Amino acid sequence: MAAVATCGGDAGSAGSAVATGSKSNVTSFQRRGPRASGTNDSGPRLVSITGTRPSVRNGQLLVSTGLPALDQLLGGGLAVGTVLLIEEDKYNIYSSLLFKYFLAEGIVNGHTLLVASANEDPANILQELPAPLLDDNCKKEFDEDVYNHKTPESNIKMKIAWRYQLLPKMEIGPVSSSRFGHYYDASKRIPQELIEASKWHGFFLPEKISSTLKVEPCSLTHGYIKLLQFIQNIIYEEGFDGSNPQKKQKNILRIGIQNLGSPLWGDDICCTENGDSSHSLTKFLYVLRGLLRTSLSVCIITMPTHLIQNKAVIAHITNLSDIVVGLESFIGSERETNPLYKDYHGLIHIRQIPRLNNLVCDESDVKDLGFKLKRKLFTIERLHLPPDLSDTVSRSSKQDLAESAKRLGPGCGMMAGGKKHLDF
Amino acid sequence: MLDSLLALGGLVLLRDSVEWEGRSLLKALVKKSALCGEQVHILGCEVSEEEFREGFDSDINNRLVYHDFFRDPLNWSKTGEALPGGPLGALRAMCNRTDLGPVTIALDSLSWLLLHLPCTTLCQTLHTVSHQDSCPPGDGSPVGKVHVLGLLHEELHGPGPMGALSSLAQTEVTLGGIMGQASARILCRRPRQRPTDQTQWFSILPDFSLDLQEGPSIESQPHSDPHIPPVDPTAHLTFNLHLSKKEREARDNLTLPFQFSSEKQEALLRPRPSQATSHIFYEPDAYDDLDQEDPDDDLDI
């Protein structure tokens with residue numbers, strides 16, 4: 001990563017390094033003076049690309065994932081040049097929603113999109129993106145929505161803590177389009193003119209390869225090779241890696257790959273434990289990350305990891321991606337009827353956060369997160385588990401607490417079995 | 001619900017096991033589609049054509065287009081009757097069909113295909129076949145729905161191929177039952193909607209028509225545990241957690257120790273233009289001692 005100087009390197013010099021490729025990028029101290037490239041008003045010379053902002057911690061250029069709640073958990077946003085891997089939930093409902101939020105954010109910010117899928121035509125995916133909540137009419141509806149959920153006691157004027165009446169309420173709401181993250185209405189479709197005004201490239205696997213083609217066996221599955229070549233072409237032709245000096249405004253390429261690793265991509269990683277193409281997916285991720293690091297692009301990948309048979313491969317995939325978020329929905333599982341989880345639709349597990357130019361990563365201290373899809377919003381909240389009052393209370397993690405709360409006091413006999421640690 | 005299985009289109013998996021066989025249900029669904037006037041193609045790999053056609057009356061038999069891969073799957077006899085490419089070739093040929101009416105393709109069985117073909121190729125072909133109606137042809141004419149019914153013996157396969165096929169299928173019917181009464185658990189995955197899960201009791205009549213039934217009688221079901229009512233933690237306490245109406249009124253009328261008069265409160269709440277000096281508003285309290293003497297004076301320090 002240190003050798004690749006263009007993106008994610010020195011603080012804020014990502015875009016400028018691309019623009020002035022001949023200058024050495026050893027130091028980030030730059031003389032203040034009249035510069036050819038468009039400069040911002042203050043501080044380091046950041047090329048201002050719409051929809052991006054520098055991280056407050058290490059100056060990385062960040063883009064929004066489309067969900068401000070998720071941005072906060074990831075330390076402000078998704079760093080340009082990284083891969084966000086979403087482990088799909090069992091029926092692929094919420095992961096496809098996150099995928100669409102990411103793409104819709106790209107359209108609203110004017111980024112270029114690259115959508116790759118093996119089961120759905122990218123044009124159809126773009127038609128189903130959620131509509132952004134941009135103007136004040138929506139803000140009124142949003143406030144009304146929040147108001148309906150408030151408890152009646154909060155309407156009473158505060159008698160003891162009356163000084164807090166003046167404080168602004170800590171509620172999140174829709175913001176104007178110049179801000180970093182946007183809110184989307186999952187029940188409405190994005191207006192057609194926004195899609196037409198945006199620039200996008202689609203990769204639909206059944207169109208790109210013909211099934212009767214006899215391909216010699218190689219280490220990468222044929223579909224993956226095609227996809228990598230496609231991505232490389234787009235990056236090169238449109239100048240995201242600085243090869244063609246861009247005269248117009250710099251832009252970010254948002255790549256979305258749906259259901260990577262499913263059998264429809266020609267990969268048998270979900271079907272067998274030790275197949276022929278067992279290293280195909282890991283090699284693909286490695287090459288993809290190399291492509292992303294040398295260009296102004298971000299990638300989101302949804303992967304059905306619950307179908308992958310070889311658990312070691314999942315560990316490899318986690319290491320090869322930068323940010324890994326796992327979604328677990330309660331549909332069809334016994335947790336759906338569990339009263340502990342009645343307010344939520346599922347759990348979010350942040351499995352990995354990258355350490356980009358840092359020794360430590362931006363881990364939040366909240367590990368139990370649940371999500372719910374309200375009428376218009378996708379919210380992620382901290383899960384509050386009640387104290388465990390049963391006989392099988394142990395000092396292990398909250399996961400065990402939740403499970404033991406379900407079993408109503410079976411007694412000491414249960415300690416021997418299951419996932420309990422030995423308690424002395 | 002079972003009779004509207006075919007309304008959705010796409011891939012329908014019939015998962016059966018040794019105790020509850022699914023071929024009769026497959027034949028019942030095939031008969032239903034044939035009676036609706038759809039084109040029916042059968043890929044017969046596991047049982048012979050005579051055995052499959054047995055039980056159907058002649059007009060249904062005339063409507064079925066049977067591709068026989070049981071007698072000579074590898075085309076060793078080279079008579080030229082067998083279709084080129086084996087079952088995969090036949091499936092692919094169905095991908096590029098020219099007639100546009102609704103069609104039902106019954107795979108008997110999908111397990112056989114899974115054991116003889118690589119799983120990824122089979123998944124890709126099934127996906128293309130079952131999604132033909134979503135990709136309209138160039139001339140824009142509406143394409144009829146394609147139903148693919150696959151009979152899958154779930155005991156023959158590991159979790160990998162089963163999971164892969166389940167994620168591909170629009171509807172999954174798992175056969176089971178209690179004491180001679182067959183049931184079908186139908187899991188319907190509509191795209192972008194919550195999957196629905198229903199159980200339907202049924203039986204198949206000798207002429208392969210479907211008879212939907214209510215569940216078995218209640219006494220035969222094992223007793224589930226009586227529902228434990230949630231325990232109210234505020235009951236049976238030694239102290240009182242609830243307030244009666246009179247107590248609530250008395251609490252409201254109590255003056256708080258540091259309560260200002262309402263004018264002072266409003267003055268404080270109004271945002272002040274300058275915050276340079278901070279003011280201390282003091283209103284003497286009822287219990288306050290106004291004696292200016294230092295109360296510590298009588299201490300001998």
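Keeping their order, the protein sequence lines are chains U and F. Using full-length UniProt numbering, the letters of the first sequence correspond one by one to residues 1 to 424. Using full-length UniProt numbering, the letters of the second sequence correspond one by one to residues 1 to 301. C-beta atoms are modelled at their ideal positions from N, C-alpha and C, and glycine is treated no differently. Everything numeric in this text was worked out from a predicted model, so none of it was measured.
Given a threshold of 16 other Cβ atoms within 10 Å of its Cβ, counted over all protein chains shown, does Pro348/U qualify as buried or as exposed? For the purposes of this step, residue 348/U is identified with residue 348 of the first sequence, where counting begins at 1. Residue 348/U is actually Ile in this sequence, not Pro. Label assigned to Ile348/U: buried.
What residues in the segment 107 to 138 of chain U bring their beta carbon closer than 9 angstroms to a beta carbon of chain F? Ala118, Asn119, Glu120, Asp121, Asn124, Glu128
Are the C-beta of Gln39/F and some C-beta of chain U separated by less than 9 angstroms? Stepping through the second sequence from its first residue, residue 39/F is reached at position 39. Taking Cβ atoms only, chain U never reaches closer than 9 angstroms to Gln39/F, which makes this a no.
Who are the neighbours of Ala164/F on chain U, taking C-beta pairs under 8 angstroms? Position 164 of the second sequence, counting from 1, holds the residue named residue 164/F. Ser262, Pro263, Cys270, Cys271, Leu307, listed in chain order.
Assuming Leu292/U contacts Gly81/U under a Cβ cut-off of 8 angstroms, what Cβ separation, rounded to an integer in Å, is found between them? On the first sequence, residue 292/U is found 292 positions in, with the first residue counted as 1. On the first sequence, residue 81/U is found 81 positions in, with the first residue counted as 1. Going by Cβ atoms, the distance from Leu292/U to Gly81/U rounds to 5 angstroms, so yes, they are a contact pair.
Could you tell me the alpha carbon to alpha carbon distance between Gly10/F and Val40/F, rounded to whole angstroms? Here residue 10/F is taken as the residue at index 10 of the second sequence, counted from 1. Here residue 40/F is taken as the residue at index 40 of the second sequence, counted from 1. Using only the alpha carbons, I get a separation of about 14 angstroms.
Is the CB of Leu113/F under 9 angstroms away from at least one CB in chain U? Reading the second sequence from its first residue, position 113 is the one you call residue 113/F. It does not; no Cβ of chain U falls within 9 angstroms.
How many angstroms separate the CA atom of Cys45/F from the CA atom of Leu122/F? Position 45 of the second sequence, counted from the start, is the residue given in the question as residue 45/F. Position 122 of the second sequence, counted from the start, is the residue given in the question as residue 122/F. Cys45/F and Leu122/F: Cα-Cα distance of roughly 15 angstroms.
Check the Cβ of Ser24/F against every Cβ in chain U and list those closer than 8 angstroms, keeping chain order. The residue given as residue 24/F occupies position 24 in the second sequence. Those do not exist, as Ser24/F stays about 28 angstroms from chain U at its closest Cβ, beyond 8 angstroms.
Nearest to His182/U by alpha carbon, out of Ser329/U, Thr65/U, Arg163/U? Here the question's residue 182/U lines up with position 182 in the first sequence. Comparing Cα-Cα distances from His182/U to each of Ser329/U, Thr65/U, Arg163/U, the minimum goes to Thr65/U.
Note down the Cα distance separating Leu107/F from Gly150/F, rounded to an integer number of angstroms. Indexing the second sequence from 1 puts residue 107/F at position 107. Indexing the second sequence from 1 puts residue 150/F at position 150. Cα to Cα, Leu107/F sits roughly 5 angstroms from Gly150/F.
Check Pro130/U in the structure and name its three-state DSSP category. Residue 130/U sits at position 130 when you count from the first residue of the first sequence. Pro130/U: strand per DSSP, three-state reduction.
What residue range is occupied by the uninterrupted alpha helix (DSSP H) comprising Arg57/U? Looking up residue 57/U in the first sequence gives position 57. Careful: Arg57/U lies outside any alpha helix (DSSP H) and carries neither H nor E.
Exposed or buried, Leu26/F, counting other C-beta atoms within 10 Å across all chains shown (16 or more means buried)? The residue given as residue 26/F occupies position 26 in the second sequence. The residue in question, Leu26/F, is buried, as its Cβ has 16 or more Cβ neighbours within 10 Å.
Measure the Cβ-Cβ separation of Ile300/U and Phe102/U and say whether it is below 9 angstroms. As a position in the first sequence, residue 300/U is number 300, starting the count at 1. As a position in the first sequence, residue 102/U is number 102, starting the count at 1. A contact, by the Cβ cut-off of 9 angstroms.
Can a CB atom of chain F be found closer than 9 angstroms to the CB of Ser96/U? Within the first sequence, residue 96/U is the residue found at index 96, counting from 1. Chain F, which has a Cβ nearer than 9 angstroms to the Cβ of Ser96/U, makes this yes.
Assigned secondary structure, Ile93/U (DSSP; H/G/I helix, E/B strand, else coil): Residue mapping note: residue 93/U aligns to position 93 of the first sequence, counting from 1. Here Ile93/U sits in coil by DSSP.
Nearest CA to the CA of Leu8/F: which residue from Trp20/F, Gly22/F, Arg53/F, Ala169/F? Working through the second sequence from its first residue, we reach residue 8/F at position 8. Answer by Cα proximity: Ala169/F.
When you check each C-beta in the segment 79 to 96 of chain U against every C-beta of chain F, which residues fall closer than 8 angstroms? Tyr91, Asn92, Ile93, Ser96
State the Cα-Cα distance for the pair residue 426/U and Leu115/F, rounded to the nearest angstrom. Look at the range of chain U in this structure, 1 to 424, and you will see that residue 426/U is not part of it.
Where Thr302/U and Glu193/U are concerned, what is the direct C-alpha to C-alpha distance, given to the nearest angstrom? On the first sequence, position 302 is the one that residue 302/U refers to. On the first sequence, position 193 is the one that residue 193/U refers to. The straight-line gap from Cα to Cα measures roughly 27 angstroms.
In the DSSP assignment, find the unbroken alpha helix (DSSP H) run with Ile323/U in it and report its ends. Against the first sequence, residue 323/U aligns to sequence position 323. Run containing Ile323/U: none in the alpha helix (DSSP H); it sits in the beta strand (DSSP E), 323 to 329.
Three-state class that DSSP yields for Tyr282/F in the structure shown: Walking along the second sequence from the start, residue 282/F turns up at place 282. Correct three-state label for Tyr282/F: coil.
Tell me the DSSP secondary structure of Lys342/U in three-state form. Counting from 1 along the first sequence, the entry for residue 342/U is found at position 342. Coil.
Check whether the Cβ atoms of Leu205/U and Leu227/U lie closer than 9 angstroms to each other. As a first step, residue 205/U is located in the first sequence; it is residue number 205 there, counting from the start. As a first step, residue 227/U is located in the first sequence; it is residue number 227 there, counting from the start. In contact: Leu205/U and Leu227/U (Cβ atoms closer than 9 angstroms).
Beta-carbon of Ile331/U versus every beta-carbon of chain F: anything under 9 angstroms? Working through the first sequence from its first residue, we reach residue 331/U at position 331. For Ile331/U, the answer is yes, since a Cβ of chain F falls inside 9 angstroms of its Cβ.
Let me know if Leu13/F comes out buried or exposed under the rule of 16 or more other beta-carbons within 10 Å of its beta-carbon. In the second sequence, counting from the first residue as 1, residue 13/F sits at position 13. Leu13/F should be labelled buried.
Of all Cβ atoms in chain U, is any one closer than 9 angstroms to the Cβ of Arg194/F? Taking the first residue of the second sequence as 1, we reach residue 194/F at position 194. Interface residue, yes.
Closer than 9 angstroms between beta carbons: that is the criterion. Which residues of the segment 167 to 178 of chain F meet it against chain U? Ser167, Leu168
Can you tell me which residues form a DSSP beta bridge with Lys372/U? Taking the first sequence and counting its residues from 1, one reaches residue 372/U at position 372. Looking at the DSSP assignment, Lys372/U forms a beta bridge with Thr379/U.
Consult DSSP for Gln193/F and reduce its assignment to one of helix, strand or coil. Sequence index remark: in the second sequence, residue 193/F carries index 193 (1-based). Here Gln193/F sits in coil by DSSP.
Taking only beta-carbon atoms, is Thr199/F less than 9 angstroms away from chain U? Stepping through the second sequence from its first residue, residue 199/F is reached at position 199. No, Thr199/F lies away from the interface with chain U (no Cβ there is under 9 angstroms from its Cβ).
So which residues on chain U does Pro161/F lean against when the C-beta distance must stay under 7 angstroms? Mapped onto the second sequence, residue 161/F falls at position 161. Chain U residues near Pro161/F: Cys271.
Considering only their Cβ atoms, is the gap separating Gly215/F from Gln181/F smaller than 9 angstroms? Mapped onto the second sequence, residue 181/F falls at position 181. Mapped onto the second sequence, residue 215/F falls at position 215. Going by C-beta atoms, Gln181/F is nearer than 9 angstroms to Gly215/F.
Tell me the DSSP secondary structure of Val30/F in three-state form. The sequence position of residue 30/F within the second sequence is 30, counting from 1. Helix, per DSSP.
In or out: Gln213/F buried (at least 16 other Cβ within 10 Å) or exposed? Residue mapping note: residue 213/F aligns to position 213 of the second sequence, counting from 1. Looking at its Cβ environment, which holds fewer than 16 other Cβ atoms inside 10 Å, Gln213/F is exposed.
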